[in-house]
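Worksheet: one structure, shown below.
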Amino acid sequence: MGDDGLPIALRLERWSDGASRLKLGQRVSARIRSLKPDQGGAFVETRDKAEAFLRLPAGHGLTEGQLIDVTVLSEARQDKLPRVSMKETDAESFGIDFQDNIPVEDVEIGDEQVEAAFEDALSPAVVIPNGGRLRIDRTHALVAVDIDSAGRRGKGSAASKALQLNLDACDALSRQIGLRKLGGLIILDCVAPLNAGSRQKVQDAIRSRLETTGFPTATVLAPSQLGLMEMSLPWRETPLDERVLDERRELSDESLCLAGLRLLERTAAKSPMDQLVLELPERAMTWLEGRGAPLMATLSDKYGHRVSYLASTKRAPIVYQAP
Numbered sequence: 000m001g002d003d004g005l006p007i008a009l010r011l012e013r014w015s016d017g018a019s020r021l022k023l024g025q026r027v028s029a030r031i032r033s034l035k036p037d038q039g040g041a042f043v044e045t046r047d048k049a050e051a052f053l054r055l056p057a058g059h060g061l062t063e064g065q066l067i068d069v070t071v072l073s074e075a076r077q078d079k080l081p082r083v084s085m086k087e088t089d090a091e092s093f094g095i096d097f098q099d100n101i102p103v104e105d106v107e108i109g110d111e112q113v114e115a116a117f118e119d120a121l122s123p124a125v126v127i128p129n130g131g132r133l134r135i136d137r138t139h140a141l142v143a144v145d146i147d148s149a150g151r152r153g154k155g156s157a158a159s160k161a162l163q164l165n166l167d168a169c170d171a172l173s174r175q176i177g178l179r180k181l182g183g184l185i186i187l188d189c190v191a192p193l194n195a196g197s198r199q200k201v202q203d204a205i206r207s208r209l210e211t212t213g214f215p216t217a218t219v220l221a222p223s224q225l226g227l228m229e230m231s232l233p234w235r236e237t238p239l240d241e242r243v244l245d246e247r248r249e250l251s252d253e254s255l256c257l258a259g260l261r262l263l264e265r266t267a268a269k270s271p272m273d274q275l276v277l278e279l280p281e282r283a284m285t286w287l288e289g290r291g292a293p294l295m296a297t298l299s300d301k302y303g304h305r306v307s308y309l310a311s312t313k314r315a316p317i318v319y320q321a322p
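If you count by numbering that gives the first Met the number 0, then the sequence shown holds residues 0 to 322, one letter each, in order.
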């Protein structure tokens, strides 16, 4: 949680990840599958068939098929494999010490504040404190962020109002970087006018906020004459949208199913004696009966015959008392 009591980072762990998903900071054994001198490293494979890329110096002396231990420096994203290192690197040396310094809070299923944070992190636009919105567009090359001042009210000169809006936008953006698990090149299109002093204040503000949310090594440039502020952050975890959404930018079959199961858990806790029905959209039900079969078995052990499941043509899951 940040100073304002709002979540500044989200941790998503799913039973379906299994051992095949390489996680930031994890130390695992791997086999060198193929050396790629032209790419400056090698492709490795863990015992659980997870693949990763290992950067190697010239003259490393390793051979294909050799067993080694590696540390995960960054997780998979889009078409990028996880990146690993042979060094038994501690978290601090590659910039993830914040995960131990920031308290991690376990919350009840369906916690409203956490649900709101997930909704924010998956939305293309978010509200800026004191008015206005941030539009966040992630492309293959960079993350572009635009400030929309619509609905913003303030007093003072145009320059002072622009400065305050840009500072508030820095607050919102630094939080979204943590929630969405963003990295790489990020460009914020600041609101004009900005003089030299204002540009310095905005640069200092985003750098300070990024440090408090766990990015002390971020490179931040002052806004240019055109108002574009560039920052470069290390990639760490898989971006949240890649883990939750499908290629249509809708909840994936698994995410939709798990949303229904969370709703079921909340309802069952409030009505411990009721017979309940969970209706899932057809694609979510198909996922549950297939890949989610072990999860269904666990729920059966927990609830017995109290719960039944139905496929539905509705777009969202619903839970109701059985007739």
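Even for Gly, the Cβ is constructed at its ideal location relative to N, Cα and C. Predicted model, so just to flag it, every value in this text is computed and none were measured.
Per DSSP, the bridge partner or partners of residue i
i      : result
Ile135 : Val144
Glu288 : Paired residues: none, contrary to the question.
Pro280 : Ser311
Lys35  : Gly40
Gln320 : Leu275
Val243 : Per DSSP, none; premise fails for Val243.
Val83  : Leu53, Val71
Ser28  : Asp68
Arg76  : Lys79
Thr297 : Its beta-bridge partners do not exist; DSSP assigns none.
Thr45  : Ala29
Thr218 : Ser231
Run of the alpha helix (DSSP H) containing residue i, from where it starts to where it stops
i      : result
Ser207 : 195-211
Leu178 : 157-179
Glu12  : Here Glu12 belongs to no alpha helix (DSSP H), and DSSP marks it neither H nor E.
Asp252 : 252-269
Exposure of residue i, with buried meaning 16 or more beta-carbon neighbours within 10 Å
i      : result
Phe97  : The predicted model places Phe97 with a pLDDT of 39, which falls under 50 and marks its position as unreliable; any figure quoted below should be read in that light. It counts as buried.
Gln224 : exposed
Leu53  : buried
Ala8   : buried
Arg323 : Given that the chain is displayed from residue 0 to residue 322, the structure contains no residue 323 and the question cannot be resolved.
Thr51  : Here the sequence assigns Ala to residue 51, which means Thr is not the residue at that position. Looking at its Cβ environment, which holds 16 or more other Cβ atoms inside 10 Å, Ala51 is buried.
Asp37  : exposed
Thr41  : In the sequence as presented, Thr is not what sits at residue 41; that position holds Ala. It is buried - the Cβ of Ala41 has at least 16 other Cβ atoms within 10 Å.
Pro316 : buried
Asp119 : buried
Ser270 : exposed
Gly177 : buried
Gln175 : buried
Leu55  : buried
Gly303 : exposed
Trp14  : exposed
Leu11  : exposed
Asp167 : buried
Ser197 : buried
Residue range of the unbroken beta strand (DSSP E) whose run includes residue i
i      : result
Ile108 : No beta strand (DSSP E) contains Ile108, which DSSP labels as neither H nor E.
Asp68  : 66-73
Glu229 : 227-232
Val126 : 124-126
Ile185 : 183-188
Cβ separation of residue i and residue j, assumed to be a contact under 8 Å, to the nearest whole Å
i      : j      : result
Thr283 : Leu244 : A small fix is needed here, since residue 283 is Ala in this sequence, not Thr. The Cβ separation is near 14 Å, so there is no contact.
Ile67  : Ala124 : Incorrect: roughly 45 Å between the Cβ atoms, too far for contact.
Gly226 : Leu193 : 6 Å
Lys180 : Leu239 : 5 Å
His139 : Gln199 : Going by Cβ atoms, the distance from His139 to Gln199 rounds to 32 Å, so no, they are not a contact pair.
Leu23  : Glu74  : 6 Å
Asp252 : Gln320 : Going by Cβ atoms, the distance from Asp252 to Gln320 rounds to 26 Å, so no, they are not a contact pair.
Leu220 : Glu210 : That belief does not hold up - the Cβ atoms of Leu220 and Glu210 are roughly 16 Å apart, past 8 Å.
Val69  : Val113 : Rounded, the Cβ-Cβ distance is 32 Å, inconsistent with contact.
Leu263 : Val306 : 7 Å
Candidates the options, of which the one nearest residue i by Cα
i      : options                        : result
Ile185 : Pro192, Asp203, Arg137         : Arg137
Pro222 : Cys189, Arg242, Arg235         : Cys189
Asp47  : Asp16, Thr211, Gln65, Leu279   : Asp16
Val318 : Pro280, Gly303, Asp110         : Pro280
Ser122 : Val144, Glu107, Ala57, Leu209  : Val144
Phe214 : Ser231, Leu220, Gln202         : Ser231
Gln65  : Glu87, Ala49, Leu34            : Leu34
Ser311 : Glu278, Leu172, Leu23, Glu114  : Glu278
Leu162 : Gly177, Ser173, Ile146         : Ile146
Arg20  : Arg242, Gly289, Ser270, Asp105 : Arg242
Gln25  : Arg13, Val71, Tyr308           : Val71
Ser148 : Leu11, Gly259, Val126          : Val126
Ile31  : Glu288, Thr62, Thr266, Thr216  : Thr62
Gly261 : Ala158, Ala268, Trp14, Gly109  : Before going further, note that residue 261 is Arg rather than Gly in the sequence given. Here the closest residue by C-alpha is Gly109.
Trp234 : Asp167, Glu264, Leu141, Gln202 : Leu141
Gly131 : Gly153, Phe117, Val113, Gly196 : Gly153
Arg151 : Pro128, Asp105, Arg206         : Pro128
Cys407 : Arg265, Gln202, Gly196         : No statement about residue 407 is possible, as the shown extent of the chain runs from 0 to 322 and does not include it.
Glu111 : Pro6, Glu236, Asp167           : Pro6
Thr212 : Leu172, Phe117, Ala57          : Leu172
Gly39  : His59, Leu187, Ala296, Thr218  : His59
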